[in-house]
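**Student:** If you're matching them up, the sequences are chains A and B in order.
Under numbering that gives the first Met the number 0, the letters of the first sequence match residues 0 to 307, in that order.
Under numbering that gives the first Met the number 0, the letters of the second sequence match residues 0 to 375, in that order.
Ideal Cβ positions, reconstructed from N, Cα and C, are used throughout, including at glycine.
Computed from a predicted model, the values in this text were never measured in an experiment.
Right, I'll just put the structure down here and ask away after.
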Amino acid sequence: MFSDYSLAELGSIFVMQGFAGLILFSVFVLMALGLAIIFGQMGVINMAHGEFMILGAYVTYFTSQFFLNYLPSLFGGYFFVAMGLAFLASGALGMFIEWAMIRHLYKRPLDTLLATWGLSLILQQLYRSFFGPREVGVELPEWMMGSIALTDSVEVQINGLFVMGLTTVITIVVALLMYRSRWGKQVRAVVQNRIMAGAVGINTEKVDRYTFALGCGIAGVAGSAFTMIGSTGPTSGQLYIVDTFLVVVFGGAASLLGTIASAFTISQAQSTMEFFLSGSMAKVLTLLGVVGILMLRPQGLFTLKVRR
Amino acid sequence: MKSTAFLSRSEWIGVAIVAALILVVLPLSVDGFRLNLVGKYLTYAFVALGLVMCWGYGGILSLGQGIFFGLGGYCMAMFLKLEASSVENTKIQSTPGIPDFMDWNQITALPWFWEPFRSLPMTIILVIAVPVFFAFIIGFAMFTRRVGGTYFAIITQAIAAILTILIVGQQGYTGGINGITDLRTLNGWDIRTDDAKYILYFVNAGLLLGCVLIAYFVKHSKLGRILVAMREKEDRVRFSGYSVAGFKIFVFCLAAGFSAIGGAMFALQVGFMSPSFVGIVPSIEMVIYTAVGGRLSILGAIYGTLLVNWAKTSFSESFPELWLLGLGGLFIAVVLAFPNGLAGLYQSYVEPRLGKLTGKKSDETNGALPQGSPAE
Chain A
0 MFSDYSLAEL GSIFVMQGFA GLILFSVFVL MALGLAIIFG QMGVINMAHG
50 EFMILGAYVT YFTSQFFLNY LPSLFGGYFF VAMGLAFLAS GALGMFIEWA
100 MIRHLYKRPL DTLLATWGLS LILQQLYRSF FGPREVGVEL PEWMMGSIAL
150 TDSVEVQING LFVMGLTTVI TIVVALLMYR SRWGKQVRAV VQNRIMAGAV
200 GINTEKVDRY TFALGCGIAG VAGSAFTMIG STGPTSGQLY IVDTFLVVVF
250 GGAASLLGTI ASAFTISQAQ STMEFFLSGS MAKVLTLLGV VGILMLRPQG
300 LFTLKVRR
Chain B
0 MKSTAFLSRS EWIGVAIVAA LILVVLPLSV DGFRLNLVGK YLTYAFVALG
50 LVMCWGYGGI LSLGQGIFFG LGGYCMAMFL KLEASSVENT KIQSTPGIPD
100 FMDWNQITAL PWFWEPFRSL PMTIILVIAV PVFFAFIIGF AMFTRRVGGT
150 YFAIITQAIA AILTILIVGQ QGYTGGINGI TDLRTLNGWD IRTDDAKYIL
200 YFVNAGLLLG CVLIAYFVKH SKLGRILVAM REKEDRVRFS GYSVAGFKIF
250 VFCLAAGFSA IGGAMFALQV GFMSPSFVGI VPSIEMVIYT AVGGRLSILG
300 AIYGTLLVNW AKTSFSESFP ELWLLGLGGL FIAVVLAFPN GLAGLYQSYV
350 EPRLGKLTGK KSDETNGALP QGSPAE
């Protein structure tokens, strides 16, 4: 399959596909960060994660509409407002769901999975009823359109670069929050030993609620970023949920570094193969590879050594 | 109850009631079209039954039972399709004698993995063997490395997704998103007539009752006890010298086998097979049948499947929008409020009263509590 192309062409192809892979990587990381916090730290499988993301995407869409109609002069900066709103909306919904549903099910992880699946069906139907079944797309501000030509055969899109930058910033913020803040220390203490954490005076219920809300809020931001590169429909979230779970499991559930490394591997493998094979076969081979490796090494790439 | 008894008295009554319902009451009370629908639902009950064994008793939640339902169904559908695309039937194609979708995709010879499906006995063997073998590989790889719980659920789900993408993507070999359609005859016997549909309904119901008896047999055997013990305290069973992985693989393969029979009967009764019965969404929906019926109740699986599907059909006929909300609500309600499903409600409210009415104490319990002494 390589023989049809010259060496220089192959180089460009790898760079371009690598860049496309980096955009996919950003989406994976943003989605997986929220999941890694919820699944990795709390052991809760949130099948409705995609729907939290889509909520963020819808919030972004409506914010862009609002700015377009009422504040056209500030349109260039609407995205930052939208991102904040998306975080708050998804986070608030997450907090409510934790209070109403998840906290009763911490002892039964498999049941959480079913309950959140039910939640995702309900949310999908609500989106369909309120926002319509059609996919919607946001209008990008001027400065985000176009692309930069690096060489004659290699071009990169500005919105892609922006999403990548955003991902980097959010990842750093989350890492600081989890590993450098007092709150992060409490979360990790609760994960490692819930009873002892409670005994030393950490309010574990509150930590759980805010952790879940944070994970959902990050999903909302992911959805917000997602509107920059794709359109949003009621069922868009479901397309990514399996991939994202695989990313988290492949990386080793409790490790942020592992999540990032596995998101990178999976997205690069998929987008490079997509050029040479059909899209569906690239996906099949990537997922098969991941499942195969997980069968040999079930604990994932990076593991946290904790006695439970 | 003696551990050697195959079925207890109340279980015999339960099986007899189910048998009467699906063999006598339903065929007499509903018309041919509805009966065919019931037949379709009963094929899902095979999957639900498998999940009772695998999830309820074994504690292994598989979110990929659609894989095995689909594999069984595809095996059957491939045989029927080959029979329907004989040289006479397909002489307008550029390559006569191969299924129409292959011809549309410029494939000129039958792929090798279609060859075994020319013979009926071979097909019947493969309907069971392929899914069970597949389940064995998955089970062996996962359980010997002590992967379980949520990880197993996620990985089975991923495999279901992979299989769907593969089937949809390889249009020329599998029929793509439309699946394998236009199935006509089984060994020369037209399966599309009303009479054939009646006969197939009864074959299906008979097979389902057979599987129910197998499930009861496993439940009452020593193996069933070990499964329950394993679900409750896996390490203790392992320390007692049992090979935990072996039992898990067995029950997973059993569930896969049940699902495969269901899939094959589905292809026969409905007349097509498509990837929409393989993926994640149908697989999880089948879990809810089990959960509604009661994850520990073998007969509950059948009632749960019939009830949920009946609700689905009647809701989607009148209020299609409400159905998804209802289904989602059902998931949440079953998990939060009735973890033992219909069977749990029956045991806690109906059974004590029945006992009073007949003047006897209900001597039997149910499956909810592991009976007898623990494995020692």
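1. If we count the other Cβ atoms within 10 Å of its Cβ and call it buried at 16 or more, is P130/B buried or exposed?
2. Quick one: measure Cβ to Cβ for I164/B and V283/A, integer angstroms, because I've assumed they're closer than 8 angstroms.
3. Any idea what DSSP makes of S261/A, helix, strand or coil?
4. In the DSSP assignment, the alpha helix (DSSP H) including S317/B goes from what residue to what residue?
5. What is the DSSP secondary structure of S242/B, counted as helix, strand or coil?
6. Return the bridge partner residues of W188/B from the DSSP annotation.
7. Just the Cα atoms here: how many angstroms apart are S2/B and V236/B?
8. Helix, strand or coil for Q64/A per DSSP?
9. So, at 7 angstroms on beta carbons, what are the nonlocal neighbours of M121/B in its own chain, with the 5 sequence-adjacent residues on each side left out?
10. Cβ closer than 8 angstroms: which chain A residues qualify as neighbours of A290/B?
11. Determine which residues share a DSSP beta bridge with A148/A and list them.
12. Is L92/A close to chain B, meaning its C-beta is less than 9 angstroms from at least one C-beta of that chain?
13. Pop quiz: L208/B and A342/B are said to be a contact at Cβ under 8 angstroms. What is the actual Cβ separation, rounded to whole angstroms?
14. Quick check on this structure: which residue in N192/A, Q185/A, S279/A, A47/A has the alpha carbon closest to the alpha carbon of G236/A?
15. Is the beta carbon of F244/A less than 9 angstroms from the beta carbon of F66/A?
16. For L165/A, which residues in the same chain have their Cβ closer than 7 angstroms to its Cβ, ignoring the five residues on either side in sequence?
17. Between R208/A and the rest of its own chain, which residues show a CB-CB distance below 7 angstroms, the 5 nearest in sequence each way excluded?
18. Short of 7 angstroms in beta carbon distance, which residues of its chain neighbour V155/A, apart from the five on each side in sequence? Order them along the chain.
19. In chain order, what are the residue ranges of uninterrupted alpha helix (DSSP H) at least 4 long that sit wholly in the segment 95 to 131 of chain B?
20. State yes or no: is the C-beta of T167/A within less than 9 angstroms of the C-beta of T59/A?
21. Output yes if chain D places a C-beta closer than 9 angstroms to the C-beta of G168/B; else output no.
22. List the endpoints of the continuous alpha helix (DSSP H) containing A88/A.
23. Put V199/A into one of helix, strand or coil per three-state DSSP.
24. Counting along the chain, where does the alpha helix (DSSP H) carrying P26/B start and finish?
25. To test your reading of the DSSP string, which unbroken beta strand (DSSP E) runs of 3 or more residues are found completely within the segment 17 to 80 of chain B?
26. So, is the C-beta of A134/B closer than 9 angstroms to a C-beta in chain A?
27. Within 9 angstroms (strictly less), CB to CB, does I331/B reach chain A?
28. When you compare the CB positions of I51/A and S89/A, do they come within less than 9 angstroms of one another, or not?
29. Mind checking the segment 238 to 253 of chain A against chain B and listing, in chain order, the residues whose C-beta falls within less than 9 angstroms of any C-beta there?
30. Rounded to whole angstroms, how far is the Cβ of Q124/A from the Cβ of L323/B, which I believe are closer than 8 angstroms?
31. On the criterion of 16 or more Cβ atoms from any shown chain inside 10 Å, does S158/A qualify as buried, or is it exposed?
32. Over the uninterrupted alpha helix (DSSP H) stretch that includes K90/B, give me the two end residues.
33. Hey, L104/A and L335/B: beta-carbon distance below 9 angstroms or not?
34. Contact criterion: CB-CB distance below 9 angstroms. Does A157/B meet it with respect to chain A?
35. Mark K221/B as exposed unless 16 or more other C-beta atoms lie within 10 angstroms of its C-beta, in which case mark it buried.
36. Just by C-beta distance, which residues in the segment 94 to 106 of chain A are closer than 8 angstroms to chain B?
**Tutor:** According to the structure shown:
1. Numbered from its first residue, the second sequence carries residue 130/B at position 131. Result: buried.
2. Locating residue 164/B in the second sequence gives position 165, counting from the first residue. Locating residue 283/A in the first sequence gives position 284, counting from the first residue. 5 angstroms between Cβ atoms; contact.
3. Residue mapping note: residue 261/A aligns to position 262 of the first sequence, counting from 1. DSSP, read as helix, strand or coil, puts S261/A in helix.
4. In the second sequence, counting from the first residue as 1, residue 317/B sits at position 318. That run of the alpha helix (DSSP H) goes 297 to 317.
5. Stepping through the second sequence from its first residue, residue 242/B is reached at position 243. DSSP, read as helix, strand or coil, puts S242/B in coil.
6. Indexing the second sequence from 1 puts residue 188/B at position 189. W188/B is bridged to L185/B.
7. Counting from 1 along the second sequence, the entry for residue 2/B is found at position 3. Counting from 1 along the second sequence, the entry for residue 236/B is found at position 237. Note that S2/B has pLDDT 46, beneath the 50 cutoff, so the model's placement of it is unreliable and the number below is only indicative. Rounded to whole angstroms, S2/B to V236/B spans 19 angstroms at the Cα level.
8. The residue labelled residue 64/A in the question sits at position 65 within the first sequence. Of the three classes helix, strand and coil, the one that applies to Q64/A here is helix, per DSSP.
9. Here residue 121/B refers to the residue found at position 122 when the second sequence is read from its first residue. Residues P115 of the same chain have their beta carbon placed closer than 7 angstroms to that of M121/B, with the five preceding and five following residues left out of the count.
10. Start at 1 with the first residue of the second sequence, and residue 290/B comes out as number 291. Counting only Cβ-Cβ distances below 8 angstroms, A290/B has contacts in chain A at L113, in chain order.
11. Counting from one through the first sequence, the residue named residue 148/A turns up at place 149. A148/A is bridged to E154/A.
12. Residue mapping note: residue 92/A aligns to position 93 of the first sequence, counting from 1. By this cut-off, L92/A is not an interface position.
13. Stepping through the second sequence from its first residue, residue 208/B is reached at position 209. Stepping through the second sequence from its first residue, residue 342/B is reached at position 343. Rounded to whole angstroms, the Cβ separation of L208/B and A342/B is 18 angstroms, and the two are not in contact under 8 angstroms.
14. By 1-based counting over the first sequence, the position of residue 236/A is 237. Of the listed residues, the one whose Cα sits closest to G236/A is A47/A.
15. As a position in the first sequence, residue 244/A is number 245, starting the count at 1. As a position in the first sequence, residue 66/A is number 67, starting the count at 1. Taking 9 angstroms as the Cβ cut-off, F244/A and F66/A do not qualify as a contacting pair.
16. As a position in the first sequence, residue 165/A is number 166, starting the count at 1. If we look at L165/A and ignore the five residues flanking it on each side, its Cβ neighbours are A224.
17. Locating residue 208/A in the first sequence gives position 209, counting from the first residue. Around R208/A, the same chain offers M94, E97, W98 as residues with beta carbons nearer than 7 angstroms, after the five sequence neighbours per side are excluded.
18. As a first step, residue 155/A is located in the first sequence; it is residue number 156 there, counting from the start. Cβ within range, chain order: F18, S146, I147, L149.
19. If we require 4 residues or more, the alpha helix (DSSP H) runs fully inside the segment 95 to 131 of chain B come out as 99 to 103.
20. As a working mapping, residue 167/A is identified with position 168 in the first sequence. As a working mapping, residue 59/A is identified with position 60 in the first sequence. Going by C-beta atoms, T167/A is not nearer than 9 angstroms to T59/A.
21. Included in the structure are the protein chains A and B, with no chain D among them.
22. Looking up residue 88/A in the first sequence gives position 89. Run containing A88/A: 77 to 99, per the alpha helix (DSSP H) assignment.
23. By 1-based counting over the first sequence, the position of residue 199/A is 200. If DSSP states are grouped into helix, strand and coil, V199/A belongs with coil.
24. Position 27 of the second sequence, counted from the first residue, corresponds to residue 26/B. Taken as a continuous stretch (DSSP letters only), the alpha helix (DSSP H) holding P26/B covers 25 to 28.
25. Segments of the beta strand (DSSP E) lying fully in the segment 17 to 80 of chain B: there are none.
26. The residue given as residue 134/B occupies position 135 in the second sequence. Not one beta carbon of chain A lies nearer than 9 angstroms to the beta carbon of A134/B.
27. In the second sequence, residue 331/B corresponds to position 332, counting from 1. A Cβ of chain A is located within less than 9 angstroms of the beta carbon of I331/B.
28. Counting from one through the first sequence, the residue named residue 51/A turns up at place 52. Counting from one through the first sequence, the residue named residue 89/A turns up at place 90. The sequence given here places Phe at residue 51/A; Ile does not occur at that position. Yes, the Cβ-Cβ distance between F51/A and S89/A is below 9 angstroms.
29. Taking 9 angstroms as the Cβ-Cβ cut-off against chain B, the residues of the segment 238 to 253 of chain A that qualify are I240, V241, D242, F244, L245, V247, V248, A252.
30. Residue mapping note: residue 124/A aligns to position 125 of the first sequence, counting from 1. Residue mapping note: residue 323/B aligns to position 324 of the second sequence, counting from 1. That belief holds up - the Cβ atoms of Q124/A and L323/B are roughly 4 angstroms apart, short of 8 angstroms.
31. What you label residue 158/A is simply residue 159 of the first sequence in a count that begins at 1. Note on residue identity: the sequence assigns Asn, not Ser, to residue 158/A. So N158/A counts as buried.
32. Numbered from its first residue, the second sequence carries residue 90/B at position 91. Counting along the chain, K90/B sits inside no alpha helix (DSSP H), nor does DSSP assign it H or E at all.
33. Taking the first sequence and counting its residues from 1, one reaches residue 104/A at position 105. Taking the second sequence and counting its residues from 1, one reaches residue 335/B at position 336. Taking 9 angstroms as the Cβ cut-off, L104/A and L335/B qualify as a contacting pair.
34. One-based indexing of the second sequence puts residue 157/B at position 158. For A157/B, the answer is yes, since a Cβ of chain A falls inside 9 angstroms of its Cβ.
35. Residue 221/B sits at position 222 when you count from the first residue of the second sequence. Residue environment analysis places K221/B among the exposed positions, since fewer than 16 neighbouring C-beta atoms fall within 10 angstroms of its C-beta.
36. Under the 8 angstroms Cβ criterion, the segment 94 to 106 of chain A contributes M100, H103, L104.
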